[in-house]
Every structure is written in structure tokens, then in C-alpha cells.
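Undergrad: Residues in the sequence shown are numbered from 177 upward in steps of one, following this note's numbering.
Glycine is no exception: its CB is placed at the ideal position from the N, C-alpha and C atoms.
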Amino acid sequence: MEDIQRTKVKDLLKMAPGADVLAKGWVRTKRGNKDIAFVALNDGSTINNIQIVVDKASTDAALLARVTTGACIAVRGKLVESIGSGQAVEIQASGLEVYGDCDPVRYPLQKKDTTFEFLRTIAHLRPRTNTFGAIFRLRSQMAFAIHEYFHSRGFVYLNTPLITAADAEGAGEMFQVTTLDLENVPRDKKGRIDYSRDFFGRQTSLTVSGQLEGELGATAVGEIYTFGPTFRAENSNTPRHLAEFWMIEPEMAFYDIHDNMRLAEDFIKHLVKYALDNCYDDIKFLNDRYDNELIARLQGVIDTEFKVLTYTEGIEILEKAVADGHKFEYPVSWGTDLQSEHERYLVEHHFGRPVIMTDYPKDIKAFYMKQNEDGRTVRGMDVLFPKIGEIIGGSEREASLEKIEARIDELGMSRRTLEWYLDTRRFGTCPHSGFGLGFERLLLFITGMSNIRDVIPFPRTPKNAEF
Ligand code: 4AD
Ligand code: MG
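1. Would you say the beta carbon of aspartate 558 is closer than 8 Å to some non-hydrogen atom of ligand 2?
2. Could you check how far apart the C-beta atoms of glutamate 425 and serine 385 are, in whole angstroms? I think they sit under 8 Å.
3. Just how far apart, CA to CA, sit alanine 237 and alanine 269?
4. With respect to 8 Å, is the separation between the Cβ of serine 516 and the closest non-hydrogen atom of ligand 1 below this value?
5. Cβ of alanine 440 within 9 Å of Cβ of phenylalanine 308?
6. Counting only the same chain and skipping the five closest in sequence on each side, list residues whose C-beta sits under 6 Å from that of tyrosine 506.
7. Quick test of the definition: if touching needs 3 or more C-beta pairs under 8 Å, does the region 546-562 touch the region 597-604?
8. Regarding valine 230 and ligand 1, is the C-beta to nearest heavy atom distance less than 8 Å?
9. So what does DSSP say about proline 426, is it helix, strand or coil?
10. Mind checking whether leucine 648 and arginine 204 have CB atoms under 9 Å apart?
11. Tell me whether glutamate 566 counts as near ligand 2, meaning its Cβ is closer than 8 Å to at least one heavy atom of that ligand.
12. Looking at the secondary structure, which residues open and close the alpha helix (DSSP H) in which lysine 287 lies?
13. Is there at least one non-hydrogen atom of ligand 1 closer than 8 Å to the beta-carbon of glutamate 489?
14. I need the boundaries of the alpha helix (DSSP H) containing isoleucine 298, first residue and last residue.
15. On the DSSP bridge list, what partners appear for tyrosine 333?
16. How about arginine 573 and methionine 545: do their beta carbons lie closer than 9 Å?
17. Counting only the same chain and skipping the five closest in sequence on each side, list residues whose C-beta sits under 6 Å from that of isoleucine 180.
18. Give me whichever residues DSSP pairs with tyrosine 536 in a beta bridge.
19. At a cut-off of 8 Å, would you count methionine 647 as near ligand 1, judging by its Cβ distance to the nearest heavy atom?
20. Valine 477 and lysine 445: beta carbons closer than 9 Å?
21. Using CA atoms only, rank isn't needed, just tell me which of Pro337, Arg408, Leu240, Arg315 is closest to tyrosine 450.
22. Flag this pair as yes or no: are the beta carbons of threonine 245 and lysine 206 separated by less than 9 Å?
23. Count the CB pairs spanning the region 252-267 and the region 482-490 that are closer than 8 Å, and state whether there are at least three.
24. Between Ala310, Glu399, Ala419, which has its C-alpha nearest asparagine 454's C-alpha?
25. Pick helix, strand or coil for histidine 608, following the three-state DSSP scheme.
26. If we count the other Cβ atoms within 10 Å of its Cβ and call it buried at 16 or more, is glutamine 387 buried or exposed?
27. At 3 residues or longer, and completely inside the region 564-616: list those beta strand (DSSP E) runs for me, N to C.
28. With a threshold of 7 Å on Cβ separation, who are the neighbours of threonine 235 within its own chain once the five nearest residues in sequence on each side are excluded?
29. Tell me whether glycine 569, by its Cβ, gets closer than 8 Å to a heavy atom of ligand 2.
30. Taking DSSP as the reference, what is the three-state secondary structure of arginine 368?
31. Look at the alpha carbon of isoleucine 540 and the alpha carbon of tryptophan 510, and state the distance between them as a whole number of angstroms.
32. With a CB to CB cut of under 7 Å and the five nearest residues on each side skipped, what residues in its chain are close to threonine 183?
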């Protein structure tokens, strides 16, 4: 059987009939009559299956009985024209081998129970479904598109550390990293935990963002991007939050907030277009199966100019909506952080297109954002998307040492763990900007899924770290 090379299903489906081929994969379904069996085989290379036609008279019945849903098999045969399988070609089997049996009774993936909630409880097997195969192929393609976008524009891919002593966002939502014996924590004379005896000789955590180190890169090589996992111990059980998520953070010297906005809009449009151009089969499957406005929504984002408005203007629109009788769950007034219901009202209801909101109150944004003349707002920019709310958060950075130090003190943050970062402002400081795109939020948009747990292979959320 192994005297010829195996061909992937994706390639088989594009071949002309006539060749002798070898296919390997997992059985999706088996049906048939007393003379022949039809097996739908999938190897994950495409959403589509190849049909295998098995002649029962010339096949060992005991062997064919082992070909059940979920079993892993190899099939040798002739690629022939197919009538009525929905594909151009199928395999007329001449040889069959079972690599792995799959007990149809014990197999957890059953046709009758495929709710997303249930599939999350068997996250180790859900990639075998059509839906998750499509999602994880899309995820991989988008990662590639991101690298390609920045590389073709001369950005340097910078790897920033996952273990850090600094709280980049200043929100105190860090997972601590320690090798101290938690049953017997060493203490100093004042009774405080003695971190000098910890692995790194100081208190450390998993990073919430690579931005601070990214700024060091940008102020040296000009334009960088990071792409890696980030960790947040925020206890938010929402369809848009993960405790471990992936973020793309470009950071650019000599960009002001307008350059930053232009890059963010171009970047995200490029990614959506890349998905439609290169992953159409998977997107079409998701569109037809779950959300028949998906493709139109993706095309809509590519075709429209994002609406730029200030936070203050946004609040005025929302307050007017409330005055006109619109009910929000959370109150809204100048100074409050917007909830995703507010963001979505602006995007979906008021403007009908993505929104870039700028100039937020300084008290709801991080210490590093450039301070405006008015003394109460900063040059932050969030990109707000239909169905998602915030997909990108970024800003022009405060370049003045005095101003950024004053802000750190005002917020009661520790300057000691940030001295290395402040050197960017001490030695040849420059105007610069950057943003962070949440990779899973992007994937929510591109796949049309409604829960962020369904666009990452093994989600980490409060009380959930199985698999
Ligand atoms: O707005 P955030 O917190 O910004 C930063 O971390 C900056 N350091 C970025 C920068 O300027 N370099 O997060 C950026 C994006 C959000 O817009 C959102 O898409 C995503 O990261 N994000 C999350 N995604 C999933 N789960 C969470 N808990 C997330 N928190 C933020
Ligand atoms: Mg944000």
C-alpha cells in the first residue's frame, strides 16, 4: 500500500481522474447498500471530504466493519469521476488499512450533541469537527497573513518576554510566577514576603502586554511588531475575554496618532481581505452553516471608511440615545469606561460602520498615553467593530520624561520597576505610537463565532484550564 506517496484530500479534489492514489484520514461517515459502501474521508487539509467507494464483494467484511465514524484509515485506489457526490472526483478503493479503530458507542463526538458548549467540554476532540477544522485553519492562515503584512513593510518581528516584573497596563491583573514554597513562604524582618529568595530575586508575573519592551525596539530599529500570548487575571466571564490570549502589537517611531490610525485601519482591512481571498471555502462553510451575513459583513468592512470620532463626541451621541429612550444595561456619562453595548450601539446602530474612537479621559487609560493640552484627555485610540466592540486598543505615547513620571506618581505606580522603560524618554526620546490587536477578537469577527472560547484551540478562562 505504501509504494506510492500519500496525497492530501485538498489536492486529490483538484486532480484530474485516472491516477492511482493513496489517501489517509479520519472517517466522517459511512453509508451504502448491500453491494457498495460510501465512506466520507477527511484529513483536515480542507473542509471538504473525499468520497471513497468500496465494493463489498471484493473487500473483507470484517475489515470494512472496522471503518466507522472517527476511525483512522488509509485507502488505496483509483481516482475516478464522481457522479452525485458533490465533488468532481472520488476514489474507487482497491486496498484498505485501518490505522486506528474508533468505538462508535464510546466516541464522544456524536452527531446528536454538537452544541458549542458541549464541544468545549471535549476540546481535545473538537478539531475533528468541520466547524473547528475550519476555524483552526483560518487561525493559522491569519497568523501567516499578519507576519506577511509587517514583513513586507519592513517591520522587525521583536520577541518580548512572557515573564516580567512590570505591569504594562497598570491594571493589577497579573498572574504571579513563583517557585517559592507556598506552604512556607520566606519573610523578611518586617514580615513581608521575601522575594529576594524567589527564582528571579524579585516578584514576577506573566505579561499583560509586550508593549513596553516593544517601545524599546521601536526607538532603536524604527518599526517593530510583537505577536505572542498575553495573560490577564481579570475575572471577566464574558464571550469576549480570555485569561490567555494572543496579541499583535506594532510600535512605530515617528508615528503620531493619525499615522497610527491609518496603519490600524489598513492592517485590519488587509487581514479581512486576505481571509476572503485565501480561505474562502472555510468562510463560505461558516457563512452557510451559522451566519449568512458573514461574508457581507467582511466585505462591508473592506469597502467602508472607518468613522473617526472623539470619546467626548461618542458620549454625546450615547447620552442623546438614552434621552430618546434607548435602554443600556450600564449607565453612560463623561468619564465612564464604555461597555461593549455602548461601543456596539455606535458601530451597529448609529454609524453602521467601524469606529475609531480617540481622546479618552486620562483616568480610564494607561499611564503611557500622550497627554492632551486640555489636561484631562489622552491621545488613545480604540477601534470598535460590529458584533465585537473593541478589537484594537492603542495610542500615541507620552514622549516627555517629566510628564510620564508625573503620571506614574499620580497613579501610585512603582517607578522602580519601570526605570529601564523610562530610559527611552531619558536618552533620545521621540514621538511614537502603537496599538494592540487582540488576535481572538479578530478571529471572532472573521469566523462570525459569538464566543471567544471557540476561536482558540484550548481556551483559558476563570476556573477552566483543562486540556
Ligand atoms: O486595550 P488593551 O488592553 O491594550 C494593550 O494591551 C496595549 N498595550 C496595546 C498597545 O498599545 N500596544 O488590549 C489590546 C487588545 C484589545 O483591544 C482586545 O482586542 C484584546 O487586546 N484584549 C483581549 N482579548 C481577549 N481577552 C482579553 N482578556 C483581552 N484583553 C484585551
Ligand atoms: Mg483596551
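TA: Straight from the coordinates:
1. yes
2. 7 Å
3. 14 Å
4. no
5. no
6. Gln515
7. no
8. no
9. strand
10. Nothing about residue 648 can be read from this structure; the chain reaches only from 177 to 643.
11. yes
12. Note, lysine 287: premise wrong, no alpha helix (DSSP H); not H, not E.
13. no
14. Counting along the chain, isoleucine 298 falls outside any alpha helix (DSSP H), and DSSP gives it neither H nor E.
15. Tyr401
16. yes
17. Leu198
18. Val554
19. The requested residue 647 is not part of the displayed model; the chain covers only 177 to 643.
20. yes
21. Arg315
22. yes
23. no
24. Ala310
25. strand
26. buried
27. 565-572, 608-614
28. Leu272
29. yes
30. coil
31. 11 Å
32. Val197, Leu198, Ala199
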